[in-house]
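Working notes for the structure below.
In our numbering, the protein residues as written are 69 to 362.
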């Protein structure tokens with residue numbers, strides 16, 4: 069007779085597998101970037117410069133080399149244009165020019181033009197990751213089909229891994245490693261406290277309401293930031309507050325596993341909990357990275 073595994077075991081098994089996929093993709097991207105820097109080559113169409121941070125550690129900076137052939141196609145996208153005849157805003161349009169030499173390239177760049185590069189894959193991965201992520205949210209919340217949900221969960225992890233590696237390189241991969249260690253330690257601590265049921269976090273209505281309104285506040289902040297922009301000090305304060313909130317979410321969700329009154333000890337429940345904790349950890353990591361970069 070097979071022994072029945074606990075809900076915690078099932079949840080951690082799913083969570084560990086997904087985090088392994090994310091970190092594997094992230095470290096593969098950073099390793100490829102380091103190899104490209106050392107060999108003066110490209111990785112996924114990107115080149116990398118090397119610089120020293122304040123602690124004299126190597127910090128790789130990703131960039132796209134401009135084309136070396138002339139004439140070079142230069143693009144300028146104008147989001148809005150006013151039509152004096154119709155007195156309305158025309159739809160966005162593209163205005164392209166050809167630069168015949170390096171001097172013309174510099175002039176076009178100063179005028180707001182840019183050159184074509186192989187960076188479209190970044191936007192493609194981001195879109196695919198967002199689609200897979202929101203699809204996983206749907207299947208995790210409805211419980212319609214765990215197999216489709218798990219496949220989508222794994223797919224978004226595959227897409228998010230290299231995207232996370234790029235984020236870490238854009239700021240400083242050395243700080244990124246520190247952020248990963250902090251998230252790991254916070255998860256261990258909150259997991260131990262939450263699952264030990266020292267305090268019934270999941271039964272505290274005030275805490276639940278506080279977390280809900282805090283999450284809404286973070287979303288509203290990001291909308292305002294996208295529209296009008298905010299100071300680095302405000303962004304850093306938000307990031308620190310966000311890291312605190314998602315640490316509390318981890319406590320709350322680990323305590324849910326310990327309680328588990330409303331959940332069955334099956335793979336469907338484990339999938340829902342693993343995905344919830346995964347989102348807590350990813351958001352915590354992103355907030356810490358933003359706080360370090362501000």
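Cβ atoms here follow ideal geometry from the backbone N, Cα and C, with glycine treated the same way.
Requested in this report: Express the C-alpha separation of residue 348 and residue 261 in angstroms, rounding to a whole number.
Outcome: 16 Å
Requested in this report: Consult DSSP for residue 111 and reduce its assignment to one of helix, strand or coil.
Outcome: strand
Requested in this report: May I ask which residues mark the beginning and end of the beta strand (DSSP E) holding residue 372?
Outcome: Missing from the structure shown is residue 372; the chain here goes from 69 to 362 and no further.
**Report entry** Nonlocal neighbours in the same chain, by C-beta distance under 6 Å from residue 90, ignoring five residues either side
**Finding:** 225, 228 and 229
Query raised in the report: According to the Cβ coordinates, are residue 268 and residue 324 closer than 8 Å?
Result: At least 8 Å separates the beta-carbon of residue 268 from that of residue 324.
Report task. Starting from residue 267, follow the alpha helix (DSSP H) in both directions and report where the run begins and ends. Result -> Where residue 267 is concerned, there is no enclosing alpha helix (DSSP H), given that its DSSP letter is neither H nor E.
Query raised in the report: When we look at the beta-carbon of residue 306 and count the other beta-carbons within 10 Å, is it buried (16 or more) or exposed?
Result: Classification of residue 306: buried, given that the 10 Å Cβ count is 16 or more.
Query - Neighbourhood of residue 78 by C-beta distance below 7 Å, restricted to the same chain and skipping five residues each side - result: Cβ neighbours of residue 78 beyond the five flanking positions: 335 and 338.
Requested in this report: Could you check if residue 358 is buried or exposed, using at least 16 other CB atoms within 10 Å of its CB as the buried criterion?
Outcome: buried
Report task. Identify, in the order they occur along the chain, each residue of the same chain with its Cβ nearer than 6 Å to the Cβ of residue 340, setting aside the five sequence neighbours on each side. Result -> Taken in chain order, the residues that qualify are 208.
Query - Candidates 302, 86 and 115: closest to residue 234 by CA position - result: 115
Query raised in the report: Where does residue 93 land, buried or exposed, given buried means 16+ other C-beta within 10 angstroms?
Result: buried
Query raised in the report: Can you list, in chain order, the residues of its chain whose CB lies under 6 Å from that of residue 211, leaving out five sequence neighbours each side?
Result: 336
Requested in this report: Can you have a look at residue 189 and say buried or exposed, based on whether 16 or more other CB atoms are within 10 angstroms of its CB?
Outcome: exposed
Query raised in the report: Would a C-beta distance cut-off of 8 Å place residue 315 and residue 222 closer than the cut-off?
Result: no
**Report entry** residue 331 (DSSP reduced to helix, strand or coil)
**Finding:** coil
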